[in-house]
């Protein structure tokens with residue numbers, strides 16, 4: 111690319127190095143904090159719940175199944191908090207903003223990470239040690255939420271993001287400056303911009319089309335609607351089964367409380 | 102702070118579930 115006016119080769123070199131460092135940091139953080147490695151998931155790709163096991167999940171009470179899912183989500187969130195902590199610049203934000211970004215964005219990151227654990231051949235997701243179809247979650251009483259999650263997993267897996275792209279996309283979504291109540295919007299904006307530049311650079315290097323980033327970004331509204339639907343379902347569950355909801359892991363209750 | 106006690110702790114902890 112031609113050198114922009116007023117910009118020396120040295121400055122461009124610095125910028126390039128800076129972007130390279132961001133990419134390395136975010137990708138390393140993503141890999142270190144992935145609950146399951148790609149190799150592990152590949153090895154388990156053909157471990158499914160058999161019909162008897164599926165039936166036993168289906169016949170559980172809504173309360174038992176909600177509890178089970180809350181625990182699984184909580185485990186995943188702990189890894190996402192660690193991912194955030196390892197992203198350069200995240201810990202330089204004030205703790206109020208760190209919490210706001212995590213509360214608003216950890217479900218988005220979880221949904222992006224989920225496509226690593228999705229098998230498009232038989233439309234199953236890795237859950238509690240094996241791959242499960244949507245019907246396994248019947249007892250939750252949230253068919254619309256479950257089918258929206260499977261739909262998203264399918265469409266995200268079609269994009270075929272590399273681990274690098276997934277890492278940078280997760281970080282960019284987590285660092286969304288439009289989350290309400292942030293104290294230092296500009297600081298978050300700056301961080302997100304850098305990550306997006308790194309993502310663009312990464313896509314260019316791999317010879318990916320311009321469309322790929324657009325496809326990734328186009329999934330954000332569906333992700334946001336899934337997050338909202340999850341909160342609605344949780345609110346309803348809390349009304350019907352307040353005691354069970356109170357026994358959910360404290361981190362889950364903290365992250366998804368209004 | 103009380104409302105987000107666990108998140109505060111996780112953010113301040115140097116050991117994480119990843120390291121354990």
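Protein chains in written order, with the working numbering: chain A, 111 to 368; chain B, 102 to 121.
Yeah, the Cβ is synthetic: ideal placement off N, Cα and C, and Gly gets one too.
Can you list the residues of chain B that residue 360/A reaches, using a CB-CB cut of under 9 Å?
Taking the first chain and counting its residues from 1, one reaches residue 360/A at position 250. Simply 106, 107.
Name the one or two DSSP bridge partners that residue 228/A has.
Within the first chain, numbered from 1, the residue matching residue 228/A stands at position 118. Residue 228/A is bridged to 235/A.
Specify the secondary structure class of residue 241/A as computed by DSSP and reduced to three states.
On the first chain, residue 241/A is found 131 positions in, with the first residue counted as 1. The answer is strand: DSSP assigns residue 241/A an E or B state.
Taking the Cβ atom as the reference point for each residue, do residue 190/A and residue 211/A lie within a distance shorter than 8 Å?
For this step, residue 190/A is matched to residue 80 along the first chain. For this step, residue 211/A is matched to residue 101 along the first chain. Taking 8 Å as the Cβ cut-off, residue 190/A and residue 211/A do not qualify as a contacting pair.
Verify whether the separation of the beta carbon atoms of residue 222/A and residue 265/A is less than 8 Å.
Here residue 222/A is taken as the residue at index 112 of the first chain, counted from 1. Here residue 265/A is taken as the residue at index 155 of the first chain, counted from 1. Contact: no.
Measuring straight from C-alpha to C-alpha, what distance separates residue 349/A and residue 355/A?
Taking the first residue of the first chain as position 1, residue 349/A is located at position 239. Taking the first residue of the first chain as position 1, residue 355/A is located at position 245. Taken atom to atom, the span from the alpha-carbon of residue 349/A to that of residue 355/A is near 9 Å.
What number of angstroms, rounded off, separates the C-alpha of residue 287/A from the C-alpha of residue 165/A?
What you label residue 287/A is simply residue 177 of the first chain in a count that begins at 1. What you label residue 165/A is simply residue 55 of the first chain in a count that begins at 1. The alpha-carbon separation between residue 287/A and residue 165/A amounts to approximately 44 Å.
Looking only at its own chain, which residues have a Cβ that is under 8 Å from the Cβ of residue 230/A, when we skip the five neighbours before and after it?
Locating residue 230/A in the first chain gives position 120, where the first residue counts as 1. The residues are 264, 267, 268.
Are there any heavy atoms of the ligand ATP lying less than 7 Å away from the beta-carbon of residue 355/A, as far as the coordinates show?
No copy of the ligand ATP appears in this structure; indeed no ligand is present at all.
From residue 234/A to residue 242/A, what distance separates their C-alpha atoms?
For the purposes of this step, residue 234/A is taken as the residue at position 124 of the first chain. For the purposes of this step, residue 242/A is taken as the residue at position 132 of the first chain. Their Cα atoms are separated by approximately 5 Å.
Interface partners of residue 138/A on chain B, CB under 9 Å
One-based indexing of the first chain puts residue 138/A at position 28. At a beta-carbon threshold of 9 Å, none of the residues of chain B lie near residue 138/A; the nearest stands roughly 12 Å away.
Of all the CB atoms in chain B, is at least one closer than 8 Å to the CB of residue 284/A?
Counting from 1 along the first chain, the entry for residue 284/A is found at position 174. At a cut-off of 8 Å between beta carbons, residue 284/A makes no contact with chain B.
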